[in-house]
Amino acid sequence: MEADLAVNGIAGAAGLVASLAALSSGKNLALANKESVVMGYSHLEALAKEKDRFIIPVDSEHAALFQLVSRLGSASITELSITASGGPFRDRTTEELKTISPDEAARHPVWKMGRKISIDSATLANKGLELIEAVRLFGLPEEKVKILIHPESIVHALVRTKDGALYAHMSSPDMRLPIDIALHWPEEVNSAYGILDLAGKTLHFEAPDTVRFPMLALARSAVRIGEAATIAYNAANEIAVANFEEGRISFTQISDIVAAVLEEEWSFPVPDAGSIFETDNRARRLAQLAVTERQC
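Residues in the sequence shown are numbered consecutively from 310, following the numbering used here.
What follows is the structure, encoded as structure tokens:
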């Protein structure tokens, strides 16, 4: 039987090829691979339009935004916000962050995830990727996409409309809900997942600390420059995390490596898949060089 929906849950840059293939074959794309959007959204968007297909985000925050925007209408929306738990180290000092081990960084306080994405959540690189994803998917300028630290992970996203009202999407932190919604879209699912009772709960929100966690500011800088820079951000982070896992650099040096790579020139177009992967490879080489220089 011919499928009408492809789900891409591949981790990392390798997921882009699968996303392009799914849309090229005329399938709607339920997308959990945020790197596809970070690296090549302009190509995914063009393919989706050509094939008259849809990209349905599966990340909890973007799935929440997708539902809010669908209900409220994109024309009325002036600002988006996505939330972050803050990771396991949100209360650690800069000095304490320098001694974090890979095993510590891989333990997320709320979500059960793989090691790489858990480390990305600890550095807030994951939220940086999600910021880029939100800018691309929903077409708002970078400065209109906000990040809120929300340790309870109950509010997943918020949108502000022209009249100043703020609408929140809330559910228990359960990835089965956005997956269920994506699998049944465009039908509204009667889901048993993520059911929330707010009685007795207290919700906290605060601004992220971009001094202790520079990966958010680096993501904003990259998305302002363009697609090549966001490719470089992702590639440099993947190399830095791999070297952190192997004990070659410290936790805080992950962002140092990404910052060093982004100092290079990235304001050039990436008109096709070949140029995307050339840019990705260049950023990986530069990131590994930056690691080597810090070991000398």
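From the three backbone atoms N, C-alpha and C, an ideal C-beta is built for every residue, glycine too.
Taking the C-beta atoms as reference points, residue 570 is found no nearer than 8 Å to residue 488. Straight-line measurement puts the Cα of residue 393 at about 6 Å from the Cα of residue 459. When secondary structure is reduced to three states using DSSP, residue 411 falls in the helix class.
Non-local C-beta neighbours of residue 315 in its own chain, meaning closer than 6 Å and more than five positions away in sequence, comprise 331, 336 and 338, ordered along the chain.
Of the residues assessed, residue 564 falls on the buried side of the cut-off, its CB having 16 or more other CB atoms within 10 angstroms. CA-to-CA, the gap between residue 580 and residue 326 works out to about 15 Å. If you look at residue 464, you'll find it in the beta strand (DSSP E) that goes 464 to 470.
Using a Cβ distance threshold of 8 Å, residue 525 and residue 456 count as a contacting pair. In this structure residue 595 is in contact with residue 573, their Cβ atoms being roughly 6 Å apart against a cut-off of 8 Å. Around the Cβ of residue 517, a 10 Å sphere holds 16 or more other Cβ atoms; the residue is buried. Collapsing the DSSP output to three states places residue 520 in coil. Taking a 10 Å sphere around the C-beta of residue 506, we find fewer than 16 other C-beta atoms and assign the residue as exposed.
Residue 478 is bridged by DSSP to 466.
Annotated three-state conformation of residue 549 is helix, per DSSP. Annotation for residue 351: 536 place their beta carbon closer than 7 Å to its own, counting only its chain and skipping 5 residues before and after. In chain order, 465 and 487 place their CB closer than 6 Å to the CB of residue 369, counting only its own chain and leaving out the 5 sequence neighbours on each side. Of all C-beta pairs linking the segment 532 to 547 to the segment 428 to 444, three or more are shorter than 8 Å, placing the two stretches in contact. Pairwise C-beta distances place the segment 384 to 400 out of contact with the segment 534 to 554, as fewer than three of them are shorter than 8 Å.
The closest CA to that of residue 361, considering only 313, 559, 411 and 584, is found on 313. Taking a contact as a CB-CB distance under 8 Å, the pair residue 543 and residue 344 counts as one, their CB atoms being some 6 Å apart. Cα atoms of residue 585 and residue 329: separation of roughly 12 Å, rounded to the nearest angstrom. Taking C-beta separations shorter than 7 Å and ignoring five residues to either side along the sequence, residue 591 has no partners in its chain. Judged by DSSP in its simplified three-state form, residue 432 adopts helix.
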